[in-house]
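In what follows, a single structure is set out as C-alpha cells and then discussed.
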Amino acid sequence: MSKSKHCEAVRVVVRCRPFSKREGIPECENILEIDEKLGQITVRNPKAPPDEPMKVFTFDSVYGWDSKQSDIYDDAVRPLVDSVLQGFNGTIFAYGQTGTGKTYTMQGISNDPEKRGVIPNSFKHIFTQISRTQNQKYLVRSSYLEIYQEEIRDLLCKDNNKKLELKENPDFGVYVKDLSSVVTKNATEIEHVMNMGNQSRSVGFTNMNERSSRSHAIFVITVECSEAGPDGEDHIRVGKLNMVDLAGSERQSKTGAKGKRLKEAAKINLSLSALGNVISALVDGKSTHIPYRDSKLTRLLQDSLGGNAKTVMLATVGPSHKNFDESLATLRYASRAKNIKNKPRINEDPKDALLREFQEEIARLKAQLEERGMLAKERRRRRNSKRLSKSMAGMEDEILKERNAEVWKALEEESEVKNYMKKGDDISKNLTCQEGSEKLKHVSEYRKSVEDMQWDQDALEKIIEKYKAMESKLLVGGKTIIDHTNEQQKMLEMKRQEIAEQIRREREIQQQMMLQDEETLEMKETFSSLQQEVELKTKKLKKLYTKLQIVKGEINDFIEEHIITRQELEQTQHELTRELKYKYLLIENFIPPEEKNKIMNRLQFDSEEDQWRLQPVIPSESAPTQVKRRPLSAVGYKRPISQYAQMAVATATVDPARYQAENIMLLELDMSPPTLFTLNLNGTHLERAFSPRLLRDLPVRERTSVSSRVRKSQSW
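Just so you know, UniProt numbering puts 173 at position 173 of the sequence shown, and the rest follows in order with no gaps.
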C-alpha cells in the first residue's frame with residue numbers, strides 16, 4: 001500500500017452546549033448564532049453597541065445544542081477511525097472552557113446508547129470493522145494516562161501516584177516510559193479498561209462544574225494488522241488513536257477555586273497556554289522554533305500538531321453572555337488550528353510491533369507441539385516394538401518349556417531319577433527367581449513409561465493452553481458475524497459515509513460560492529448612470545468599512561487578550577518569585593552550608609524533561625565515576641578533623657570534647673579548692689624536714705606528693 005505524502009489540514013468541529021440549570025434564568029442571553037449548513041458561528045458582544053458588526057467564524061462543521069452524539073461521530077470521527085485501521089495515526093482532542101461539555105462529548109453516558117461519546121463509539125466501530133474483514137489478523141491494545149499538575153500518571157496501574165517519564169526515540173518518537181498496555185479482544189473488555197481508568201481520574205468541584213476534570217486524560221488505542229502482501233510475506237500496519245479529554249481553561253473569579261483547586265487551575269492554564277503557543281507558532285510561517293517542550297501535553301501531542309497524524313479538534317463553547325470572553329478565545333484558537341498542516345503516513349512494519357512478537361511466539365509453540373507429537377509417535381513405536389519383543393520372548397519360553405518337559409520324561413526312565421529330581425528342584429527354584437526378577441523389571445519399566453507419558457501429557461496440555469491463550473488475543477476477521485449480515489451493515493455504513501461526504505462537499509461548495517459571488521458581482525458591474533455607480537460604490541464602501549471595523553475590533557481584542565495574558569503571566573511570575581524567596585529564606589536560615597553544598601553538587605539538569613534532578617546519594621554501577629578534588633581536612637579548625645568526627649560532634653552522641661579541637665570554653669577544668677595543712681614546726685624542725693638528705697631517703701611517691709602539695713599551696 002502506498003504511503004500518503006500529501007499535507008492534510010487539521011479538521012475543526014465546533015459544538016455549542018445548551019443552557020445549564022444555573023444559566024436557565026431570564027438574565028442570561030444567547031450570544032451565539034449557528035448555521036450548520038454553512039459551518040458558520042456568529043458571536044455577538046453583549047457589551048458592544050447594537051450597530052457594531054458581529055464576529056463570524058467558519059469551520060469544517062458546526063453543531064448546535066440540539067445535536068446528537070452519533071451525528072458528531074459519523075461526521076468527524078468515523079473517517080478518522082477508518083484511517084487508523086488502515087495504519088495511520090489519529091488524534092481527537094476536545095478543547096474549550098470548563099463546563100462546556102468536553103468530557104460529555106468524549107465519553108458521554110455509557111448506559112444510554114444515544115448519549116455514548118466519541119470514545120465508546122470508537123470501541124464499537126473498531127471491533128465491528130475487524131469482525132468484517134477476512135484474511136487479516138489484528139491485535140488491539142489500550143493505555144490510559146493523565147497529566148495532573150505536569151506529572152504523568154498511569155490510570156491503569158495500581159500505584160496511581162507513580163510518576164512516569166517522557167522519553168524520545170528516533171524510531172518511536174515521543175513515548176511514556178513504563179506505561180502499561182492491556183490487550184483486548186472485544187468492545188466489552190476495552191470499555192472495562194476505560195471504566196477502571198475513569199475511577200482513578202482527578203476530578204473536583206468548582207462553581208462552574210460539579211465534576212470538573214482537574215487533569216488532561218489521554219486514552220490510546222493501538223491497532224496492529226497483519227496481512228499477506230503481493231510478495232507472499234506478512235506485512236504489519238500499526239495505527240494509533242489518541243483520544244484526548246483536555247481540562248478546561250478557567251478563571252478564578254468564576255470558578256471560585258482556592259487552595260489545591262487554585263494550584264490545579266494554574267497548571268491547567270499554563271499547559272493550555274503552551275498548547276495555544278504551539279498552535280500560533282505552527283500557523284505563523286515565520287516561526288523557526290515550535291515550543292513543544294514548554295509542556296508535557298504539547299510534547300505528547302507533538303505528532304498530532306504538525307506531524308505524522310490525522311487530527312480532529314472538537315471545540316466546545318457555551319451560549320451564555322457571561323462566558324463571552326472564554327467562548328471568543330476558544331473560537332479564535334480553533335480558527336487558528338484550521339491552518340495547521342500535518343503530514344500523515346501509513347506506519348508499515350514498525351520495529352515495536354507487538355503483533356510480530358505474538359506471531360513468533362505462536363510459531364514457537366506450534367513447533368513445540370509438533371516436536372512433542374513426533375516424540376509421542378516415537379515413544380508409541382518403541383512401546384509397540386517392546387510388546388512385540390515380549391510376545392516373541394513368550395513364544396520362545398513356551399517352546400523351551402515343551403522341550404524341558406520332554407527332557408524330564410526321558411530322565412525319569414533312567415536310574416538316577418532321584419538325583420536329577422533334587423537337582424531339578426534347585427533348577428526350578430532358580431527359574432522361578434529369574435522369572436520374578438524379569439516380571440519386576442517389566443513392571444518398573446512400565447511404571448517408568450507411564451510416568452513419562454503423564455509428564456509429556458502435562459507438558460503438552462500446558463503448551464496447548466498457552467498456544468490457545470496467545471492465539472485468542474489475535475482477532476481474525478470474518479469469524480464472528482454472519483457474512484450476510486456483515487455485507488448489509490457494510491453497505492449501510494458505506495451509504496452513511498457517502499451521505500456525510502456529500503453534506504461535507506455541499507458545505508464546502510456553498511462556502512466557495514459565497515466568495516465567488518462577491519468576486520463575480522465586482523467583475524460584472526455595469527453602470528447606466530453616474531448615480532447608479534455612486535450608489536453601488538457607496539454600498540461597496542460601507543461593506544469594506546464594516547470589514548475594516550471588524551479587523552480593527554479583532555486587533556483591539558488581540559491587544560486586550562495580550563494584555564490579560566501578560567498580566568496573568570506577571571501574576572504567576574510574582575507568585576513563583578515569592579515562593580522562591582520563601583524557599584531561599586528557609587535554606588539560608590535552617591539548612592547548614594555544608595548540606596546545601598551537598599545538594600547543589602547532586603543537582604543535574606535533564607534536557608529531556610527540561611528540569612533539574614537530584615542524583616542519588618549512592619552512585620549506581622552504571623553511573624560514570626568522576627574524580628573529584630580532595631576535600632580539605634580542616635576548614636576553620638585548629639587541627640585536622642575527619643568527617644566522622646564532624647558528624648559525631650553534630651549529632652552529639654558522644655562527648656564533644658573527644659572529637660573537637662582544644663577550646664578552653666569547652667574544657668572541664670578541675671575547679672576543686674586546694675588542700676591546705678598547717679605545720680607547727682620551729683626552725684630546727686624545718687631544716688630537718690626539708691633537708692636534702694631526708695628527702696633523698698624518702699620513697700619516690702611520698703617525695704613527689706609532698707613537693708606537689710607544696711607547689712599547689714604556694715600557687716594558691
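Note that beta-carbon positions come from the ideal geometry of N, C-alpha and C, so glycine has one too.
Query raised in the report: In or out: R602 buried (at least 16 other Cβ within 10 Å) or exposed?
Result: exposed
Query raised in the report: Over what stretch of residues does the alpha helix (DSSP H) that includes F127 continue unbroken?
Result: 118–132
Query raised in the report: Can you list, in chain order, the residues of its chain whose CB lies under 8 Å from that of D35, leaving out five sequence neighbours each side?
Result: I41, T42, V62
Requested in this report: Return helix, strand or coil for F172, following the three-state DSSP convention.
Outcome: coil
Requested in this report: Verify the contact flag: P616, CB atom, against every heavy atom of the ligand NAP, threshold strictly below 6 Å.
Outcome: The ligand content of the structure shown is nil, which means the ligand NAP is not present either.
Requested in this report: Determine the burial state of G306: buried for a count of at least 16 other Cβ atoms within 10 Å of its Cβ, exposed for fewer.
Outcome: buried
Report task. Give me the Cα-Cα distance between E29 and A281, rounded to the nearest whole angstrom. Result -> 35 Å
**Report entry** Selection from A648, L314, R201 that minimises the alpha carbon distance to C16
**Finding:** L314
Requested in this report: With a cut-off of 8 Å on the beta carbons, I'd call A274 and D294 a contact; round off their distance for me.
Outcome: 4 Å
Query raised in the report: For H6, does the count of other Cβ atoms within 10 angstroms reach 16, so buried, or fall short, so exposed?
Result: exposed
Query raised in the report: Where DSSP assigns a beta bridge to Y144, which residues make up the other side?
Result: F219
Query - Reference K68, options G117, A337, G87, closest by Cα - result: G117
Query raised in the report: Anyone know if the C-beta pair for residue 726 and S200 falls short of 7 Å?
Result: Because the chain in this structure spans residues 1 to 716, residue 726 falls outside the shown range and cannot be described.
Requested in this report: Under 8 Å by Cβ, that's how I've got H235 and E348 pegged, so tell me the actual separation to the nearest angstrom.
Outcome: 6 Å
Query raised in the report: Apart from the five residues just before and just after T222, which ones in its own chain have a Cβ nearer than 6 Å to its Cβ?
Result: R141, K240
Query raised in the report: Can you name, in chain order, every residue of its own chain whose Cβ lies under 6 Å from the Cβ of S143, other than the five neighbours on each side?
Result: L179, S181, V220
**Report entry** Rounded separation between R261 and E210 - CA only
**Finding:** 13 Å
Query - C-beta contact flag for C225 and Q129 at 7 Å - result: no
Query raised in the report: Which whole-angstrom value is the C-beta distance of E561 and A337, which I expect to be below 8 Å?
Result: Not quite, the Cβ-Cβ distance comes to about 16 Å (not below 8 Å), so this is no contact.
**Report entry** Own chain, CB closer than 8 Å to T184, minus 5 neighbours either side, in chain order
**Finding:** V140, R141, S142, I190, V193
Query raised in the report: When the Cβ atoms of the segment 48–64 are set against those of the segment 547–557, are three or more pairs found closer than 8 Å?
Result: yes
Query - Buried or exposed by the 16-neighbour rule on C-beta atoms within 10 Å, applied to I268 - result: buried
**Report entry** F57 - partner residues in DSSP beta bridges
**Finding:** I41
Requested in this report: Give me the Cα-Cα distance between T298 and K366, rounded to the nearest whole angstrom.
Outcome: 45 Å
Query raised in the report: Exposed or buried, E588, counting other C-beta atoms within 10 Å across all chains shown (16 or more means buried)?
Result: exposed
Query - Buried versus exposed, by CB contacts within 10 Å (16 or more), G108 - result: buried
**Report entry** Own chain residues within Cβ distance below 7 Å of N430, not counting five before or after
**Finding:** Any reading at N430 is ruled out, since the residue's pLDDT is 49, under 50, leaving its predicted position unreliable.
Query raised in the report: At what residue ranges does the segment 246–324 contain a whole run of the alpha helix (DSSP H), taking only runs of 4 or more?
Result: 252–255, 260–283, 296–300
Query raised in the report: Hey, quick one: how far does the alpha helix (DSSP H) through F88 stretch, first residue to last?
Result: No alpha helix (DSSP H) contains F88, which DSSP labels as neither H nor E.
Query raised in the report: DSSP beta-bridge partners for N242?
Result: T91, V220
Query raised in the report: Taking the Cβ atom as the reference point for each residue, do E146 and A217 lie within a distance shorter than 7 Å?
Result: yes
Requested in this report: Answer with buried or exposed for E508, where buried requires no fewer than 16 other C-beta atoms within 10 angstroms of its C-beta.
Outcome: exposed
Query raised in the report: Who are the near neighbours of Y73 in its chain, counting only those whose CB is closer than 7 Å to its CB and skipping five residues on each side?
Result: V118, N121
Query raised in the report: Between M243 and I92, is the Cβ-Cβ spacing less than 7 Å?
Result: yes
Query raised in the report: Quick one: is R505 buried, meaning 16 or more other Cβ sit within 10 Å of its Cβ, or exposed?
Result: exposed
Requested in this report: Express the C-alpha separation of L544 and G99 in angstroms, rounding to a whole number.
Outcome: 38 Å
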